[in-house]
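Going by the working numbering, the first residue of the sequence shown is number 413, and it counts up by one from there. Please read the structure below before turning to the comments.
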Amino acid sequence: MKAKLGMSPIAWWNDDLAELSDDVSLEECLAQSRSAGFTGMEMGRRFPNDPKIMLPILQEADVTLCGGWFSGTLVDEDMARNKDRIQPMIDLFKAVNAPCIVYGEVGRSIQGDRSKPLATKPRLSDDEMKAYARRLTQFGEWCAEQGMPLSYHHHMAAVVETEPELDAFMRYSGEGIPLLLDAGHLAFAGGDVLRAIDNHHRRINHVHVKDVRMEVIEKLDRQRQSFLDAVALGAFTVPGDGSLDFGAIVERLAHYGYEGWFVVEAEQDPKKNPPLRMAQVGYKELMRVMTAAGYTVETQGFPNA
């Protein structure tokens, strides 16, 4: 089985918390992650939106674009508005041969609002979840028809956060909306990562290998502290530096034949946790557990580089 290892630039610059960003250029970010061994990088705010500008940067770094976040609003807004907003991203991702667009629901979400405690996260009724899942299925099918599949990201502080919410979303949605499994977000929400893989492996097309520091999460006051407070306190980290057993997680994915991207996404304070050093820690641990699980990790970065 083959696998590819990528990173998210959120380790270098955080889109929601300016205090957790370092003054590092896109080129340096790519160079550091590539030197650690990663061959892919998800899109961040310092990436150009013009493929004619992006492709030479990726080629120089010997890195491929392995995904990127789209802020969807289908829980509240209509399909047409979301189609209009995602179309330029579809065109860009097709031009640089990215594997998928990560759909993150921001409608009703409190993930970016530091004034909203974790306990106030939005909740959908069963009927609302059913209608939402159907819209996402239709939207995912439309995106695939345009030539770019989606990957649905369950997320802390959003409408699909907990394992029961994920199960309901998957039950009511269809094959047209694949799943991004994020180990860290599911563990933060109190879910069982291995059980989620057992239940939903057929739909997983992208994986975020995000680790958590459970000692930080367990001390949170969810009636007073927000998701961003948790991030600032160090709730997330890279594999090999946190509480999750990635040996078991990767082995379970291998058992079901998952092949594709494993992306390290670990927002932290870059001054306390230097991104290059954390990238090296994450890569070493992933190579250890992926080798044990029988994966061959691809080493080629930019195609034909």
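Even for Gly, the Cβ is constructed at its ideal location relative to N, Cα and C.
The Cβ neighbour count for Glu431, taken over all protein chains shown within 10 Å, is under 16; the residue is labelled exposed. Three or more Cβ pairs closer than 8 angstroms define a contact, and the stretch 545–561 meets that threshold against the stretch 574–589. Between Asn509 and the set Leu470, Phe482, Gln523, Thr703, the nearest pair of CA atoms involves Leu470. With fewer than three CB-CB distances shorter than 8 angstroms, the stretch 522–536 does not count as touching the stretch 492–501. Look at the stretch 594–663 and you find these whole runs of alpha helix (DSSP H), each 4 residues long or longer: 595–600, 605–612, 626–630, 639–645. Looking at the DSSP output, Tyr515 sits in a beta bridge with Phe482, Tyr564. Separation of Ala642 and Thr708 (C-alpha to C-alpha, rounded to the nearest whole angstrom) is 35 angstroms. In this chain, Glu440 is not harboured by any beta strand (DSSP E); it is covered by the alpha helix (DSSP H) spanning 438–448.
Where Glu710 is concerned, there is no enclosing alpha helix (DSSP H), because DSSP gives it neither an H nor an E. Note on Met413: under 16 other CB atoms within 10 angstroms of its CB, so exposed under the neighbour-count rule.
Where Trp673 is concerned, the enclosing beta strand (DSSP E) starts and stops at 672–676. Apart from the 5 residues on each side of it in sequence, Asp434 sits with its Cβ closer than 8 angstroms to the Cβ of Trp424, Trp425, Pro682, Lys683, Pro687 in its chain, given in chain order. In this structure the stretch 628–646 does not lie against the stretch 604–620, because fewer than three pairs of beta carbons, one per stretch, are closer than 8 angstroms. Excluding residues up to 5 positions away in sequence, Met582, Leu591 lie with their Cβ nearer than 7 angstroms to the Cβ of His612 in the same chain.
Of the other Cβ atoms in all chains shown, 16 or more fall within 10 Å of the Cβ of Gln680; this residue is therefore buried. Residue environment: Ser638 is assigned as buried (16 or more neighbouring CB atoms within 10 Å of its CB, all protein chains considered).
The beta-bridge partner set that DSSP reports for Ala415 consists of Gly672, Val709.
Check the Cα spacing between Pro529 and each of Ala569, Ile502, Leu504, Gly516: the tightest is with Ala569. Met453 is bridged by DSSP to Met419, Leu477. In this structure Ala473 touches Ala443 by the C-beta definition: roughly 6 angstroms separates them, less than 8 angstroms. In the structure shown, Leu467 falls within a helical segment according to DSSP collapsed to helix, strand and coil. By the beta-carbon neighbour count (other beta carbons within 10 angstroms, threshold 16), Ile661 is buried.
Here Ile629 really is in contact with Ala647; their C-beta atoms are around 5 angstroms apart, less than 8 angstroms. Per DSSP, Leu665 has no beta bridge partner at all. In this structure, Gly452 sits away from Gly484, with a CB-CB distance that is not shorter than 7 angstroms. The alpha-carbon of Pro421 is positioned some 7 angstroms away from that of Cys441. Non-local C-beta neighbours of Ala705 in its own chain, meaning closer than 6 angstroms and more than five positions away in sequence, comprise Val662, Glu663, Ala666, ordered along the chain. Rounded to whole angstroms, the separation of the alpha carbons of Tyr544 and Leu486 is 7 angstroms. Approximately 15 angstroms separates the beta-carbon atoms of Met466 and Ile502; this is outside 8 angstroms, ruling out the contact.
Counting along the chain, the unbroken alpha helix (DSSP H) around Asp496 starts and ends at 491–507. Straight across, the Cα-Cα distance linking Met541 with Ala580 is about 7 angstroms.
Less than 7 angstroms separates the beta-carbon of Leu438 from that of Arg458.
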